[in-house]
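In order, the protein sequence lines correspond to chains V and S.
Residue numbers for the first sequence follow the working numbering, so the first one is 162 and each next one is one higher.
Residue numbers for the second sequence follow the working numbering, so the first one is 14 and each next one is one higher.
Glycine included, each C-beta is placed from N, C-alpha and C at the ideal position.
If you're wondering where the values come from, they're calculated on a predicted model, not measured in any experiment.
Report on the following structure.
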Amino acid sequence: MLQRKVMIYLQYAIKRVLHSVPVILGVTLFVFFGIQCVPGDPIRIMTRGRITDAAVAGIYAHLGMNRPLPIQYFDFLRKAVAGNLGESIIQHAPVTMLIGEKFWPSIWLLGTGTLFSAILAIPLALLSAYYRDRLIDHAIRLVSIFGFAMPSFWVGLLLILSIGIYLGWLPISGFGDDFISHVRHLILPGLTISLFLAPILVQSLRSSMLDVLTADHVEVARAKGLSEWHILLRHVLPNALIPTITVLAVNISWLLSGAVIVEYVFSLPGLGSLLIHSVGYRDYPLIQGLSLVFAILVVAVNLLADLSYMLVDPRVRKSNP
Amino acid sequence: MTVACIPSARIFSTSVSREVGSWSTSLKIGCALLLLIVVSAMFAPLIAGYGPDFQNFDAVLQRPTFSHLLGTDSLGRDIFSRVLFGARLDLQIGFIATYVPAIYGVLIGALAGYKGGKVDTVVMGVLNIAMAFPFLVLIIGILAILGPGIQNIYISVFLVAWTMYARLARADMMVERTKDYMTAARVLGFPTRRIILRHGLPNAISSSIVFSTSDFVLNILLVSGLSFLGLGVQPPTPEWGAMIAEGKDFLFQAWWICTMPGLAVVLTGTALSLIGDGLAQRLGERHHGFV
Numbered sequence: 162m163l164q165r166k167v168m169i170y171l172q173y174a175i176k177r178v179l180h181s182v183p184v185i186l187g188v189t190l191f192v193f194f195g196i197q198c199v200p201g202d203p204i205r206i207m208t209r210g211r212i213t214d215a216a217v218a219g220i221y222a223h224l225g226m227n228r229p230l231p232i233q234y235f236d237f238l239r240k241a242v243a244g245n246l247g248e249s250i251i252q253h254a255p256v257t258m259l260i261g262e263k264f265w266p267s268i269w270l271l272g273t274g275t276l277f278s279a280i281l282a283i284p285l286a287l288l289s290a291y292y293r294d295r296l297i298d299h300a301i302r303l304v305s306i307f308g309f310a311m312p313s314f315w316v317g318l319l320l321i322l323s324i325g326i327y328l329g330w331l332p333i334s335g336f337g338d339d340f341i342s343h344v345r346h347l348i349l350p351g352l353t354i355s356l357f358l359a360p361i362l363v364q365s366l367r368s369s370m371l372d373v374l375t376a377d378h379v380e381v382a383r384a385k386g387l388s389e390w391h392i393l394l395r396h397v398l399p400n401a402l403i404p405t406i407t408v409l410a411v412n413i414s415w416l417l418s419g420a421v422i423v424e425y426v427f428s429l430p431g432l433g434s435l436l437i438h439s440v441g442y443r444d445y446p447l448i449q450g451l452s453l454v455f456a457i458l459v460v461a462v463n464l465l466a467d468l469s470y471m472l473v474d475p476r477v478r479k480s481n482p
Numbered sequence: 014m015t016v017a018c019i020p021s022a023r024i025f026s027t028s029v030s031r032e033v034g035s036w037s038t039s040l041k042i043g044c045a046l047l048l049l050i051v052v053s054a055m056f057a058p059l060i061a062g063y064g065p066d067f068q069n070f071d072a073v074l075q076r077p078t079f080s081h082l083l084g085t086d087s088l089g090r091d092i093f094s095r096v097l098f099g100a101r102l103d104l105q106i107g108f109i110a111t112y113v114p115a116i117y118g119v120l121i122g123a124l125a126g127y128k129g130g131k132v133d134t135v136v137m138g139v140l141n142i143a144m145a146f147p148f149l150v151l152i153i154g155i156l157a158i159l160g161p162g163i164q165n166i167y168i169s170v171f172l173v174a175w176t177m178y179a180r181l182a183r184a185d186m187m188v189e190r191t192k193d194y195m196t197a198a199r200v201l202g203f204p205t206r207r208i209i210l211r212h213g214l215p216n217a218i219s220s221s222i223v224f225s226t227s228d229f230v231l232n233i234l235l236v237s238g239l240s241f242l243g244l245g246v247q248p249p250t251p252e253w254g255a256m257i258a259e260g261k262d263f264l265f266q267a268w269w270i271c272t273m274p275g276l277a278v279v280l281t282g283t284a285l286s287l288i289g290d291g292l293a294q295r296l297g298e299r300h301h302g303f304v
């Protein structure tokens, strides 16, 4: 029996993984041909036009850029699979190495931001569902509307000003050298992220909890005479958390967008600030590689969320065999 | 002539007041707030008191006072006036960046949802690829190719932002497609265009309308964010994000340069979110903010 379950799960998992292959392929196509749309001739721009036509053709032939586009694309794909995304024009280093250096600070920031958001959102959503359509509920919804409308870079600057400079409690930029200082450097950026992520979590958690509240098993719990708090914590919250995983996964692209700006504000050496600096220098191979990594990150998170969702909720398995 | 006009005007005004009366509190407050912001943006030259680029070097980095309601910046420009003039630009960009892609996004989504088959497969393929990129990363990537500036922000948003509407409209249309009234329209032999536009769309558009209010907020945040990063509106043009970026260097001496334009963003966003909340109730939709 257990073996059969594992088999069904594996089947689903493989199918789901295969589903994301065409998306990744499409992403690489998009990234590759996007760079071809750059106006002007990069070699002439870099040499400021002081170069003969023959020399330009020679450079292109040397780089393999005189071949037909489809062949160049397959070459790009082959190298990308092997972990070679070309070389940064400005920093003269392999793109994969530069991205690898900045990868973990970004992941740490995303983790901290998500953790803070959950810590903020779950109690607020519980309160909101418990006091539904009463003053506390309205107040919490108003606060989350404020949070949703606040520009993250602005919140970051205000936090730098108040907690970083005025109170002087926490460092305001960089990432530190050891674990303790990493954590200290991540608190303010993580808080900034949670201030725009938590409102969305509160809204979706609240509405999914209100959905669960109308379910039969909640009626049974009420009929048993359990207190409303007990019902919310033990019978409603676990069921409402499952859709929240999906909401978090769907919002990963938005979370990453926000993290780009937050990293820039706090000068955190992550993928986002690397992207913004490379746009400033028009370092196209680096921009290309970063866009690819961001897209793969989104696809991977959605994949993981779907797989874990299925592990937790047997109903999904039945509907998607 | 007048005899015919008066009753119809009366009917109109009573129906308007009845409609407004049925609105929820959040919709009323949101509309009033947005109206206030729009009117003060429209009449900015009358209200402002100073020109947006008027520099007074005798009043540099002044705290908010009676003559400078929100203080002055490093060049002695009045922040209140600049915030007002900034509202014109931000509202305009936000509106265009929201509703232009919304129109063709909804149309594409409705077509895909109604037709199904190959059209749907192609549209969904494009949607899945576009949604794989974080929104801001995609916009920044396109801006890296096109170069910074308002016009290129429009182009990149037009290329990207329709996907969300297409997704919403497609999902709703797939539900509507199987309903009896749609079958009836098909049996009556109406052309596909009429079935989609006149029969299907009115029932498949409310989630897009509700989402558009959140999208408006997101677009204002996007434009101010891009300008903050130096990829959008360039200084000295008064734009909220660009003003925050200018004030960043004076954070410690003059907190008000950064704070005030940000408050304007929050106020506008709150008004729009309240409208979205109210519209969701009015149209019987769910309002998730994002998603």
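{"Asked": "Outcome for P229 (chain V) when other beta-carbon atoms lying within 10 angstroms are tallied against a minimum of 16", "Found": "exposed"}
{"Asked": "Reduced DSSP secondary structure (H/G/I, E/B, other) of P161 (chain S)", "Found": "coil"}
{"Asked": "Contact with chain S by R293 (chain V), beta-carbon distance below 8 Å", "Found": "no"}
{"Asked": "Cβ-based burial, I445 (chain V) [other Cβ within 10 Å; buried from 16]", "Found": "Looking at the sequence itself, residue 445 (chain V) is Tyr, so the reference to Ile does not match. With 16 or more Cβ atoms within 10 Å of its Cβ, Y445 (chain V) is classed as buried."}
{"Asked": "For M137 (chain S), the first and last residue of its enclosing alpha helix (DSSP H)", "Found": "130 to 145"}
{"Asked": "Interface residues of chain V facing M273 (chain S) [CB-CB closer than 7 Å]", "Found": "Ordered by position in chain V, no residue passes the 7 Å Cβ test against M273 (chain S), which lies about 10 Å from the chain."}
{"Asked": "Endpoints, the alpha helix (DSSP H) within which V256 (chain V) is located", "Found": "256 to 291"}
{"Asked": "Whole-angstrom C-beta distance between V460 (chain V) and I185 (chain V), which should lie under 8 Å", "Found": "6 Å"}
{"Asked": "Proximal residues to S355 (chain V) (C-beta, below 7 Å), its chain only, five neighbours per side dropped", "Found": "G274, F277, S278, L281"}
{"Asked": "Close Cβ partners of P266 (chain V) (< 7 Å) along its chain, the five nearest in sequence each way excluded", "Found": "F336, L429, P430, G431"}
{"Asked": "Residues, ordered as in the chain, of the stretch 402 to 427 of chain V that lie near chain S by beta-carbon distance below 7 Å", "Found": "V408, V411, N412, S414, W415, L417, S418, V421, I422, Y425"}
{"Asked": "Within chain S, the residues that F194 (chain V) reaches when beta carbons sit closer than 8 Å", "Found": "What F194 (chain V) touches in chain S: nothing, since even the nearest Cβ is about 11 Å away."}
{"Asked": "N481 (chain V) (DSSP reduced to helix, strand or coil)", "Found": "In this prediction, N481 (chain V) scores a pLDDT of 47, lower than 50, which makes its location untrustworthy; the coordinate-derived value is nonetheless stated afterwards. Three-state DSSP puts N481 (chain V) in coil, outside helix and strand."}
{"Asked": "Amino acids of chain S, ordered along the chain, whose beta-carbon sits closer than 9 Å to that of I326 (chain V)", "Found": "L264, F265"}
{"Asked": "Of the listed residues V:S414, V:M370, V:S388, nearest to L398 (chain V) (C-alpha basis)", "Found": "V:M370"}
{"Asked": "Member of S:M256, S:N216, S:I257, S:V236 whose CA lies at the smallest distance from the CA of V119 (chain S)", "Found": "S:N216"}
{"Asked": "Nearest neighbour of G291 (chain S), chosen from V:H299, V:H253, V:K166, V:G225 [CA to CA]", "Found": "V:H299"}
{"Asked": "Alpha carbon of L246 (chain V) to alpha carbon of P255 (chain V), nearest angstrom", "Found": "7 Å"}
{"Asked": "Extent of the continuous alpha helix (DSSP H) run through A320 (chain S)", "Found": "This structure does not reach residue 320 (chain S), given that chain S is present from 14 up to 304, and the question cannot be answered."}
{"Asked": "L485 (chain V) at chain S interface by Cβ criterion, 8 Å", "Found": "Nothing about residue 485 (chain V) can be reported from this structure: the residues present for chain V run from 162 to 482 only."}
{"Asked": "Beta-bridge partners of N252 (chain S), as assigned by DSSP", "Found": "A quick correction: the sequence has Glu, not Asn, at residue 252 (chain S). BP columns for E252 (chain S) are empty, so no partner."}
{"Asked": "DSSP bridge partner residues for E248 (chain V) (one or two, in chain order)", "Found": "V:P255"}
{"Asked": "Which of helix, strand or coil DSSP assigns to D91 (chain S)", "Found": "strand"}
{"Asked": "Minimum C-alpha distance to R13 (chain S) - residue among S:V188, S:M187, S:H212", "Found": "The question about residue 13 (chain S) has no answer, for chain S in this structure spans 14 to 304."}
{"Asked": "Contact the stretch 229 to 244 of chain V vs the stretch 304 to 318 of chain V: 3+ CB pairs below 8 Å", "Found": "no"}
{"Asked": "Cutoff 8 Å: F307 (chain V) Cβ touching any chain S Cβ", "Found": "yes"}
{"Asked": "C-beta neighbour in chain V for T283 (chain S), strict 8 Å", "Found": "yes"}
{"Asked": "Identity of the residues DSSP links to T85 (chain S) by a beta bridge", "Found": "S:D91"}
{"Asked": "Residue range of the alpha helix (DSSP H) that includes Y63 (chain S)", "Found": "Careful: Y63 (chain S) lies outside any alpha helix (DSSP H) and carries neither H nor E."}
{"Asked": "Contact residues within the stretch 431 to 453 of chain V, judged by C-beta distance below 7 Å to chain S", "Found": "L436, I437, V440, R443, I448, S452"}
{"Asked": "Alpha-carbon spacing of K176 (chain V) relative to I169 (chain V), whole angstroms", "Found": "11 Å"}
{"Asked": "Cβ pair count under 8 Å reaching 3, the stretch 399 to 410 of chain V against the stretch 319 to 332 of chain V", "Found": "no"}
{"Asked": "At least three beta-carbon pairs within less than 8 Å, the stretch 143 to 159 of chain S to the stretch 70 to 87 of chain S", "Found": "no"}
{"Asked": "DSSP-derived helix/strand/coil call for T375 (chain V)", "Found": "coil"}
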